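Worksheet: one structure, shown below.
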Amino acid sequence: MAERQEKTFKFVIVGGGIAGVTCVEQLTSQIPSGDVALITAGPHIKAVTNYKQVSKTLEEFDVEEKPSSVLEEKFPDLTVIHSAVKSLHTETHSVETADGRVFGYEKLCICSGGRPNLLMKENPYVLGIRDTDSAQEFQKHLCKAKRIVVVGNGGIALELVYEVEGCEVIWAVKDKAIGNTFFDAGAAQFLIPSLEADKPEVAAPCKRTRYTTEEPAPGASQTFTADRSSRGHGSGPTEPGSALGPDWHEGIALRGAQQVSRRVSVEYQCEVEKILTSEELLNSPQQTLRPESGSWPVYIQLTNGKTFGCDFVVSATGVVPNTEPFLHGNNFSVANDGGLQVDDHMMTSEPDVYAAGDVCTACWKHSPLWQQMRLWTQARQMGWYAGRCMAAEVLSEPIELDFCFELFSHITKFFNYKVVLLGKFNGQGLGPDQELLVRCTKGQEYVKVVVSGGRMVGAVLIGETDLEETFENLILNQMDLTPYGEELLNPNIDIEDYFD
Ligand code: FAD
439 MAERQEKTFK FVIVGGGIAG VTCVEQLTSQ IPSGDVALIT AGPHIKAVTN YKQVSKTLEE
499 FDVEEKPSSV LEEKFPDLTV IHSAVKSLHT ETHSVETADG RVFGYEKLCI CSGGRPNLLM
559 KENPYVLGIR DTDSAQEFQK HLCKAKRIVV VGNGGIALEL VYEVEGCEVI WAVKDKAIGN
619 TFFDAGAAQF LIPSLEADKP EVAAPCKRTR YTTEEPAPGA SQTFTADRSS RGHGSGPTEP
679 GSALGPDWHE GIALRGAQQV SRRVSVEYQC EVEKILTSEE LLNSPQQTLR PESGSWPVYI
739 QLTNGKTFGC DFVVSATGVV PNTEPFLHGN NFSVANDGGL QVDDHMMTSE PDVYAAGDVC
799 TACWKHSPLW QQMRLWTQAR QMGWYAGRCM AAEVLSEPIE LDFCFELFSH ITKFFNYKVV
859 LLGKFNGQGL GPDQELLVRC TKGQEYVKVV VSGGRMVGAV LIGETDLEET FENLILNQMD
919 LTPYGEELLN PNIDIEDYFD
């Protein structure tokens, strides 16, 4: 390495996302004159605002994109360096940035997040959504679009298909039900009617009934149309630069070129076979294009044998950890999902190098009720805990794995419903040793409890159920619920009083 080392910091954090910023905040609060540098690729940082601890493990907050000067004003000893890290040299404890500078570190924390796992790179008709720029790019394309194909079944796809108006949406999911990452077929059936209805303006009083579900057959498709013509949705104001937070689409007009209402068709249990231009399609021997499809800029062939023409394809198929600049020449243990493996002190396999957020894979022995999911909440918790671990190491203090990793918990919103996920909410890893209790009122609430060995181990709560705290306690204290049986979800019993 010929370059001159500019300065050595005690702590260097890479990445101005939630994980990196929270790590910086934690470190600077524990070691006020800590000599901390934040190296980040973009001019903005993401800040947690309106943080609210809802219960023991559930938390809610907003995410705002802010100029990094906000951090520097708050922490005068912090140095913010705006450049991407190009390479890491763990032997010399230094990083090199894209603008050619080299910085030394005593302790480093990599919080470089992830990037969209695009179906196809460098295809102008395939868009991913990750940050503010890509969301704006998507909006620019959408306002001229008549039909788009959304591929993926995670949170971003769920939000998109619900929010997009004035454009036909073909939604290709590889599973038997929508939203497989977050819930089961029952919850999916509960949510599906929202695709054909207007967003509720006023919550109706709660009335509970039992509810059964039917799964669509393999390769089947379902179409949902919402007549929104009576609503004045306009194009709405656009706020350039607004952050992708839990409500990232608010303030961005997700409206296509058609006057028509929302129209979503779901193609189940299929993946993408090929993405073709119209010329490629014409020369394709097995073209099975529907006759009414007209002429489109791009065509997508699905593994269920169907081909759809569209204006563009949205690839919402997850993220890949941003590890490349850090791997070359170093000896990191990398997990199967591509993340940097970290132990219960957020340490990677390289000395003095920590990692947090989407870039890392939690490789400690997890609590039986926790799993990693690449979400805002976990990015914040990991960043915060990594900061504490780094400080503890320097101060020679012992530190134990934080309580937040005891129970998986997440609050979000899908199709305008509040959604709370707790523990093994989808029976993850439980095999046949699980029993499900479900209570559902169409259009109001969906409550699913996962019981294993008589103990509650997970729950999905959709709607204003007000059950999150009680269920969180029941999961945490692992009380034997066998005597209560199905009474647990009896709507006539005030469960909160019951277990008081
Ligand atoms: P990021 O927020 O990705 O930040 C990474 C930072 O590292 C960035 O500042 C980047 O510029 C910087 N960086 C990258 N490479 C380098 C480098 N080489 N050198 C220097 N800096 C670098 N989660 C939820 O919980 N709820 C939601 O509703 C939700 N909605 C989402 C919607 C969208 C459209 C997307 C894309 C994600 C959503 N997520 C949601 C997931 C959530 O955004 C991530 O889990 C979270 O942002 C991860 O935080 P992070 O700090 O690890 O990474």
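In this text, residue positions in the sequence shown follow the working numbering: the first is 439, and each later residue adds one.
The beta-carbon is built from N, C-alpha and C at its ideal position, and this holds for glycine as well.
A quick note: this is a predicted structure, and the numbers were derived from the prediction, not measured.
In this structure G795 does not touch G776 by the C-beta definition: roughly 14 Å separates them, more than the 8 Å allowed.
Distances between the C-beta of C801 and the heavy atoms of ligand 1 are all 7 Å or more.
A distance criterion of 7 Å places the beta-carbon of W609 beyond contact range of ligand 1, judged by its closest non-hydrogen atom. G454 has its alpha-carbon roughly 7 Å from the corresponding atom of H482.
The Cβ neighbour count for M558, taken over all protein chains shown within 10 Å, is under 16; the residue is labelled exposed. According to DSSP, Y855 shares a beta bridge with F852.
Per the C-alpha coordinates, the member of D782, E601, Y936, P789 positioned closest to K803 is D782. For the set R442, V452, F447, Q443, the Cα lying nearest the Cα of T761 is the one of V452.
A direct Cα-Cα distance of roughly 28 Å separates E606 from V758.
When the alpha-carbon of I849 is set against those of K448, G891, Q468, L899, the nearest one is in L899.
Bridge pairing for S847: L860 [DSSP].
Looking only at N864, G901, G923, L914, the smallest Cα-Cα distance to C842 is reached by L914. A distance criterion of 7 Å places the beta-carbon of R693 beyond contact range of ligand 1, judged by its closest non-hydrogen atom. Straight-line spacing of the CA atoms in V797 and C549 works out to 6 Å. For A610, the pairing in a beta bridge is given by DSSP as V589, E705.
Around F852, the same chain offers L596 as residues with beta carbons nearer than 6 Å, after the five sequence neighbours per side are excluded.
When Cβ pairs closer than 8 Å are counted between the two stretches, the region 491–501 is seen not to touch the region 578–595, the count staying below three. Assignment of R553 by DSSP, reduced to helix, strand and coil, places it in the strand class. In the assembly as shown, T487 is an exposed residue. Its beta-carbon has fewer than 16 other beta-carbons within 10 Å. In the structure shown, Q779 falls within a strand segment according to DSSP collapsed to helix, strand and coil. A distance below 7 Å between beta-carbons, with the five flanking residues on each side excluded, links S722 to the following residues of its chain, in chain order: L714. Straight-line spacing of the CA atoms in I616 and A623 works out to 7 Å. Out of I608, F764, R812, I630, the CA that lies nearest to the CA of L740 is found in I608. Sequence-distant Cβ neighbours of F447 in its own chain, meaning closer than 6 Å and more than five residues away, are D473, A475, Y543. With a contact defined as Cβ atoms closer than 8 Å, G747 and A583 miss out at about 12 Å. If you draw a straight line from the Cα of V611 to the Cα of L813, it is about 20 Å long.
Rounded to the nearest whole angstrom, the C-alpha separation of E902 and G604 is 29 Å. Residue nearest to G881 within the set A626, E560, E534 is A626 (criterion: CA-CA distance). The beta carbons of L860 and V885 sit no closer together than 8 Å.
Annotated three-state conformation of E835 is coil, per DSSP. Distances from the CB of W814 to the heavy atoms of ligand 1 include at least one below 7 Å. DSSP lists C878, I900 as the beta-bridge partner residues of Y884. Under DSSP, the beta-bridge partners assigned to G747 are Y737. Residue state for M828 is assigned as helix, using DSSP reduced to three classes. Sorting V858, N774, V791, T786 by C-alpha distance to the C-alpha of T815 places V858 at the top. L778 and N768 have their C-alpha atoms roughly 12 Å apart.
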